[in-house]
Amino acid sequence: MTSANTVEREPASAGTAAASLSANALAVTAARLLVPALNLALVVGIARLGGVESLGSYTVLVTLFLILENVKTLGLTSMLVRDVAADAHAALAVYSSLVRISLIGAVLCVPIMVGGATFANGVHPASVLPASIMAFGLFPSAYALVNDALFLALGRARYSTAIALGENLLRLTASLVIVFLFHGGILWLAAIYAFTRMAAAAAGHWVIRNRLHLRPPKACMKMIGETLRQAPAFLTIFVSPIVLFKMDVVLLGIVRGDYEAGIYGAAARLLSVCLILPDGFLTASFATLSRLLGSGALLAFRELIERTIQGLGAGLTGVAALGCVAGRFFLVGLYGHEFSSAVPLLELLLWSLTPFAINRALGDALVAQGRQDLLARIVLAGTAASIVLYLVLIHFFGSIGAAWAFLLSSTLFCCISAIFVCRRLDIARLAPVIRTMGVAIVGLGASLLPDSAVRLGLLLLVMTIGFSDFALVLRPWLGTIRRRRNHTADAAGY
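Each residue of the sequence shown is one higher than the last, beginning at 911 in the numbering used here.
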C-alpha cells in the first residue's frame, strides 16, 4: 500500500537492480520503438503529400517545441529519477515542485517559440498562428514530462509506455485524417500536437491518482528553492546537449530555408529511429546505476558502464555500417526520389551513434555519483566548441555542413568525457572506449570512399566486427543477470 508519503520499493541489490533494469528497459524501449515509428509514418505522409518544403516547415516547428519542452524543465526531471531511485520517500514533494517550475518555464518559453518559428521562416506572419497554437502544448507537457520521470524512478515505466503509445496513435490518426482527407495544413497539425500533449498529461494524472494511489502535496516555496539550486548543473548537463544537437534543423531553416531543412530532417528522422534501442536502455539503466551505488555495489556499477560502452557501442557501429550499405534504398523508398540528396547526410549522421552511446554511459555514471558539476563543465567546454562548428559549417556548406557538425560535436564530447571519466577519475577503463571508437572511425573512412567493391567490403567487415562484439558482450551479461535474479541478492557482479 502506498500513500502520499511512502512508496513501496524492493531492497536495492544487484539482483533486484537487474530485474528492475530489465523491466524498465523493456517498457521504455517498447515506447521508443513504436512512438518514432508512428511519427515516421506521419512525417513520410507529410513529405509525400506536401514535398520537401512542407516537411521542412513542420520539422522546424516540432524541433523548436521539443527544445523548449526540455528547456522549461531545466533538466530537473533527471534529478527526480536519480533521487527517487535512491530514496523514494521524498518523491511527491519533488514531483510537485518540478511541475510548478515547469509551468513557469512554459510561460517564458511561449514567446520564444513564436518568435523562433517566425524568424526561421523569414519573418512570415503565416508562421505566427501555428507556432502560437503549438506553444500551448508546453503547459500540459509540464505535467507529462514530470509524470514520465516519476514512473521511471518508481520502476513503473510501463505506464509511460502505454500513455506515449496512446498519445502518438491519437496524433497519427488525427493528423493523417486532416492531411489526407481534408487537406489541412500546418495550422491543424500544430493544434493536434498541442491537444495530444494535453491528453498525455491527463492520462498520467489519472494513473498517479487511481493506479498508484498517490496524492502529491502542494508545492512549497522552500522545496522549489532547494530544487532550483540544483538547476544550473542539470540544465547544462541534460538540456544543453538537447538544444545543441537539435539546433541544426533550426539554423538550417534560418540560414538556408525550408528546403534544406526538409532534406536534412528526412535523414535526421531516420537517425532518431536508430537511437531508439540504445536510448531506451540507457534511460532505464540510469535508475539502475543509482540503485547500485546506493547499495554499495561499486564493482557492479563499473562493470555496467563498461559493458554498456562495449555492447551498445559495438552494436551501433554495426548499425551504422549497415545503414551505409542499405540506407539509401530505405530512405528513397520511404520519402521518394525527391529526397535522394539526403543519402550522404544519413551516411554521415549514422556514425554519431557510437559516440552517442559512449557519451550517455559516461555522463550517466557521473550524475549517478553526484558529480554533475564536473559533467556540466565538460558539457560547457564541448558546447562552446560545437557552436562554432555549427555556425561555420552550416554557413558555408548548408545541410552537409550540419551533418559534419553533428558528427564532430558528438565525437568531441566523447573524447572530452573519456579523458575525464576514464583517465582522471578511473570510473571506467579507457580501453573499451578506444576499441569501440577505433572500429567506428574505420567504418566512417570506408563510408567516405566512392562506391566500389572495396567500400562495400570494408563496410561489411566493420558490420561483422560490430555485431560480433555486441553478441559477445550481451551473452554473458544476460546470463549474469539471470543468475543474480535467481540466486543472490547481494553479489557485486552484473
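Beta carbons: idealized from backbone N, C-alpha and C, even for Gly.
| said: Tell me whether the region 1044-1055 and the region 1092-1110 touch, counting them as touching only if at least three CB pairs, one residue from each stretch, are closer than 8 Å. | reply: yes
| said: Buried or exposed, going by whether 16 or more other CB atoms sit within 10 Å of the CB of Lys982? | reply: buried
### Run of the alpha helix (DSSP H) containing Gln1282, from where it starts to where it stops
Gln1282 to Ala1328
Can you find the residues in the same chain that come closer than 8 Å, C-beta to C-beta, to Trp1261, ignoring five residues on each side of it along the sequence?
Ala1230, Leu1317, Ala1350, Gly1353, Leu1354 and Ser1357
Could you give the DSSP three-state label for Pro1360: helix, strand or coil? coil
query: For Thr1374, does the count of other Cβ atoms within 10 angstroms reach 16, so buried, or fall short, so exposed?
result: exposed
What did DSSP end up calling Gly1367 once you bin it into helix, strand or coil?
helix
- Query: Under the three-state reduction of DSSP, which class applies to Gly1026: helix, strand or coil?
  - Reply: helix
What residue range is occupied by the uninterrupted alpha helix (DSSP H) comprising Pro1126?
From DSSP, Pro1126 is part of no alpha helix (DSSP H); its letter is neither H nor E.
Q. Who are the Cβ neighbours of Gly1434 in its own chain at under 7 Å, not counting the five residues just before and after it?
A. Because the chain spans 911 through 1404 in this model, residue 1434 falls outside it and cannot be assessed.
Cα-Cα separation between Leu1263 and Thr1218, rounded to whole angstroms = 13 Å
### Ile1337 in three-state terms, based on DSSP
coil
query = For Asn934, which of helix, strand or coil comes out of DSSP?
reply = No answer about Asn934 holds up, because its pLDDT of 49 lies below 50 and its placement is not dependable.
#### Entry: Simplified DSSP assignment, three categories, for Ala1207
coil
| message | Using CA atoms only, rank isn't needed, just tell me which of Phe1323, Leu1244 and Ile1215 is closest to Asp1274. | response | Ile1215
_Residue closest to Ala1072, alpha-carbon to alpha-carbon, out of Leu1039, Phe1090 and Trp1116_ = Trp1116
- Do Ile1102 and Arg1081 have their C-beta atoms within less than 8 Å of each other? yes
- Among residues of its own chain, excluding the 5 on either side of Val1343, which ones have a beta-carbon nearer than 7 Å to its beta-carbon? Ile1219, Ile1268, Ala1328 and Cys1332
Checklist line | Cα-Cα separation, Leu1259 to Leu1322 | finding: 14 Å
Check your understanding: Out of curiosity, what's the CA-to-CA distance linking Ser988 and Tyr1300?
Key -> 27 Å
Grab me the residues of Tyr1053's own chain with a C-beta within less than 7 Å of its C-beta, minus the 5 sequence neighbours each way, in chain order. Val1009, Ala1111, Gly1114 and His1115
task: Would you mind giving the Cβ-Cβ distance between Val1004 and Leu990, rounded to the nearest angstrom? I have them listed as a contact below 8 Å.
output: 5 Å
Nearest-angstrom Cα distance between Ser1182 and Ile977? 15 Å
| Hey, quick one: how far does the alpha helix (DSSP H) through Trp1098 stretch, first residue to last? | Ile1096 to Asn1120
Could you check whether Gly1026 and Leu1064 sit closer than 8 Å to each other, using their CB atoms as the reference points?
no
Exercise for review: Give the DSSP-derived three-state secondary structure of Lys871 in the structure shown.
Suggested key: Only positions 911 to 1404 of the chain appear in this structure, which leaves residue 871 out of reach.
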